[in-house]
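Encoded as structure tokens, the structure appears first; notes follow it.
This is how it looks when you write it as structure tokens:
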């Protein structure tokens, strides 16, 4: 069956009710969109979802690599935000993870590939999973972290992953977990940048108009200026989806705290 679902979701500790508390109301459109994605995911009935982030997938904090986490079980984790509840276990899929990693075994000199085996997930991947997988014990997880520092090889790397994913007999869901600019207004911890809004608009337009290769032309100086964590996971995602028919559906976009959160269903 291969790929049955694909989407783009944001991350924030504020998404978790016991952390966000009164601030949760400021992100109601994002929360509603995540809940909608969760329902659509259940309807697609994936056996495993692959989540791509550029935040660590384990405490090893491996840098400048595409990192595969081979653990058999994962635990959501919000300890870095002072929250020790709201955790739950998620079954892993070591066989699929190894299959994906194996695609690069003959090319380790060309592409920076690393492996870890950590049960506790980073808070950034845990926050959307709170909505996507809580109460879904039969959906397995493959977490991948992209921390490559070179000039954006992700679109090519995604293309390398395409074949093993589409060769799978199981039903697979695919997620890019990302935030857009972190400098959209004065509420941002990183401060305001006049380039932030246009950056978010450009990225969303690239996705919704099916022109994702334009992301390759974004200048490194711009990415550093707007403090984003979107482009690398997006390029990896769309490298996997190359030559796949999908219809982007922007469910929500908002930035009340200066960080751009977008929820997009890539209807297959």
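In the UniProt record's numbering, the protein residues as written are 1 to 268. Glycine included, every Cβ here is placed at the ideal spot set by N, Cα and C.
Identified DSSP bridge partners for residue i
i, result
"residue 89", "75"
"residue 225", "Answer is none; residue 225 lacks a bridge partner."
"residue 243", "For residue 243, which the question treats as bridged, DSSP gives no partner whatsoever."
"residue 279", "Because the chain in this structure spans residues 1 to 268, residue 279 falls outside the shown range and cannot be described."
"residue 171", "2"
"residue 102", "DSSP lists no partner for residue 102."
"residue 114", "67"
"residue 267", "247"
"residue 8", "176, 264"
"residue 120", "75"
"residue 253", "262"
Length of the line joining the Cα atoms of residue i and residue j
i, j, result
"residue 33", "residue 263", "6 Å"
"residue 139", "residue 5", "13 Å"
"residue 76", "residue 156", "30 Å"
"residue 226", "residue 219", "11 Å"
"residue 95", "residue 24", "37 Å"
"residue 158", "residue 131", "26 Å"
"residue 144", "residue 254", "26 Å"
"residue 42", "residue 194", "40 Å"
"residue 228", "residue 259", "9 Å"
"residue 206", "residue 116", "33 Å"
"residue 213", "residue 231", "11 Å"
"residue 14", "residue 81", "10 Å"
"residue 62", "residue 70", "14 Å"
"residue 268", "residue 2", "12 Å"
"residue 179", "residue 54", "10 Å"
"residue 87", "residue 129", "10 Å"
"residue 175", "residue 21", "26 Å"
"residue 240", "residue 189", "33 Å"
"residue 7", "residue 203", "15 Å"
"residue 73", "residue 57", "13 Å"
"residue 183", "residue 85", "30 Å"
"residue 185", "residue 169", "46 Å"
"residue 89", "residue 118", "13 Å"
From the options, residue whose alpha carbon lies closest to that of residue i
i, options, result
"residue 83", "50, 187, 19", "19"
"residue 164", "31, 99, 173", "99"
"residue 101", "114, 191, 192, 89", "114"
"residue 67", "233, 241, 14, 258", "233"
"residue 124", "217, 261, 171", "261"
"residue 134", "91, 246, 50", "91"
"residue 40", "55, 212, 173", "173"
"residue 224", "212, 86, 181", "181"
"residue 30", "74, 250, 246", "250"
"residue 79", "210, 112, 245, 122", "122"
"residue 47", "177, 12, 136", "136"
"residue 97", "120, 89, 141", "141"
"residue 26", "266, 89, 252", "252"
Presumed contact (8 Å Cβ cut-off) between residue i and residue j, rounded CB distance
i, j, result
"residue 9", "residue 37", "6 Å"
"residue 146", "residue 236", "6 Å"
"residue 257", "residue 187", "5 Å"
"residue 127", "residue 50", "Contact flag wrong, Cβ pair sits at about 17 Å."
"residue 104", "residue 160", "7 Å"
Minimum Cβ-Cβ distance from residue i to chain B less than 9 Å
i, result
"residue 178", "Absence of chain B from the displayed structure is noted, only one protein chain being present."
Any non-hydrogen atom of the ligand ADP within 8 Å of residue i CB
i, result
"residue 156", "Absence of the ligand ADP from the depicted structure is noted, as is the absence of any ligand whatsoever, leaving it without description."
Three-pair Cβ contact test at 8 Å for the stretch 195-211 versus the stretch 144-155: Output reads no: the stretch 144-155 does not touch the stretch 195-211.
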